[in-house]
Every structure is written in structure tokens, then in C-alpha cells.
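Numbering (our numbering), first residue to last: 2 to 309. We treat Cβ as the ideally placed atom computed from N, Cα and C, and that holds for glycine. Accompanying notes for the structure given below.
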């Protein structure tokens, strides 16, 4: 089988070598398309391949229509909103992600951003400590569990909300967190909320004024999830009303310049999405994608399939 790695932001050299070793041992051919700047390059590269490994690259109808032999797409990472699942399903293309492989990297970034905000960007002024603060986790998957563990090391009290957790609160106790029944309760009980949900019809714009206003005057929101889950106008509104409210994100909002101008050090945004930008996460996600493709072709394994 022909396996394409299509990465505008490439894997590390070591990760590519590891992927190649996994696939070539199983008699697959590896093709590389890295740092491409024109979609036409991607459209040409997919024409004869059986599988594609991507990162944040867009796999839409045009790409899938061009890939006549395509059987599987694996997104090396957790989020997969960059793949058109409906079109993939209609064309009998299996789509997978690699859940958990980037989780530790994202969880550590949460605390890097949180400490920077708590210490006012390390400008020498008096900040606040994390010990004793109440942290709310909005969604409780792979990343949320690691964030909870780290937070406990800081001496924080941890609350969590997810639909599955609200149905089975005992699961929270297994991880030392207090499960709540709805998002409103989570924000009311927390000083800080860390976001970990996907972007979908239910979550887009859901982090709105009503929810954020339930946080205290000094509330903090940390977003390592997706830009789309934030109601950006509402974020401006609450930060304008509350001079101690803070926001950090590794996904620049559409109104980034306005946020910088109005809120200064109360607002922190990474230069680009960097939750998974560690050597370890880069390697883990790439190798997992290769293993999943190999298992798919060898025995039909679809454990991590995300489309119907």
C-alpha cells in the first residue's frame, strides 16, 4: 500500500524515520509531502495513495474526490475537525485520530500558561499562587485527567464536568476530582476553568458571557481546545467589565489585536497552536498513526475510527 505523510507543519526527522520503519516492515511504501504551500500539491500527491497521515492539514471534499484509492486518513492528534467526516464516510474512507498521544504535552502547556497569567507575565509585580485555588475542567478525557493530576500536585481543588462524568460521578473520585452535573455548576465552583472539549455543533460559541460571568471577579479561562468554542465578543465583554479577569489560549482568536490592545498582560496567546508541539508528542502521535494504518490493512482494526 502507498502511505502518504502530508504535513504542512512536518513531523520531526526522527518521527518520520520511525513511521517509515513501522510501515516498510509491513511492506508499505511511504511518500512524503512536507511544508507544502499550495493545495494543488496535496491534490496531486493523494491521487494514487491508499492512506494519508496528517496533522492540522485540511482533508475536504476536493481532496477526497482526488484520492480515488484512498481507504484511510489518520489525524496524528486528538482533534479531527480538519477532516470532512461526512464526505469521508460517503466515499468509504475510514478516519481515525490518535487519542492520548499529545495529552501530556497539552496538559503541561495548561500550567505554563496558567503560571504566566498568575504571575503577571513575570513582570516583577505581585502575582498569585495556584495552591488552594479551585480548578474546573470543562471536559474530562485524556488531557483533563492529566491536568487534574498535575493540579493536585499544586494543591488545587479540582472539579470536572463532562456528560459521561455527570452520569457516573464515581469516575471522578477515581481521579481525585469532584464531578459536577452541568457547566453552570462548574463555573460557579471554580476560580479557573481549563477547556478541553472538541469543536462541534454543540460546543461552538458555548463558552459565553453567561458561563464566564459565573466565575469570580478574578476568574481565569485557559483554552487549549479550539478557537471556535469561545464566544469572542463575550470574552471581550467580560474582560472589559472585570479588570482582574484573565484569558490564555494557544489558538489566536479572530480579534487577537483587539485583545492585546485592551487587556495587555491579562491576555496571553501563543504565536501558533502549540499544545502538541513537543518532541515527545510529535513522535508519539506519528508512530501511533503508522501503527493504526498498519493494523487497519493487516486485520481491519478500526478501534480509533471517528466517522460512521
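- Residues of the same chain with a CB within less than 6 Å of the CB of residue 2, apart from the 5 flanking positions on each side, are 29, 51, 298 in chain order.
- Excluding sequence positions up to five before and after residue 152, its CB lies within less than 6 Å of the CB of 136, 159, all in the same chain and listed in chain order.
- When secondary structure is reduced to three states using DSSP, residue 5 falls in the strand class.
- Around the beta-carbon of residue 244, fewer than 16 other beta-carbon atoms lie within 10 Å, marking it exposed.
- For residue 126 and residue 263, the gap between their C-alpha atoms comes out near 19 Å.
- For residue 13, the secondary structure class from DSSP, reduced to helix, strand or coil, is coil.
- If you check the CB distance, residue 103 and residue 276 come in under 8 Å.
- The stretch 289 to 304 and the stretch 73 to 90 touch, with no fewer than 3 CB-CB distances between them shorter than 8 Å.
- A straight-line Cα-Cα distance of about 19 Å links residue 286 and residue 26.
- Distance between residue 309 and residue 91, taken at the CA atoms: about 10 Å.
- If you draw a straight line from the Cα of residue 247 to the Cα of residue 81, it comes to about 28 Å.
- Residue 54 is bridged by DSSP to 6, 75.
- A contact between stretches requires three or more CB pairs, one per stretch, nearer than 8 Å, and the stretch 181 to 193 meets this requirement with the stretch 211 to 228.
- In the three-state scheme derived from DSSP, where H, G and I count as helix and E and B as strand, residue 227 is classed as coil.
- Residue environment analysis places residue 78 among the buried positions, since at least 16 neighbouring C-beta atoms fall within 10 angstroms of its C-beta.
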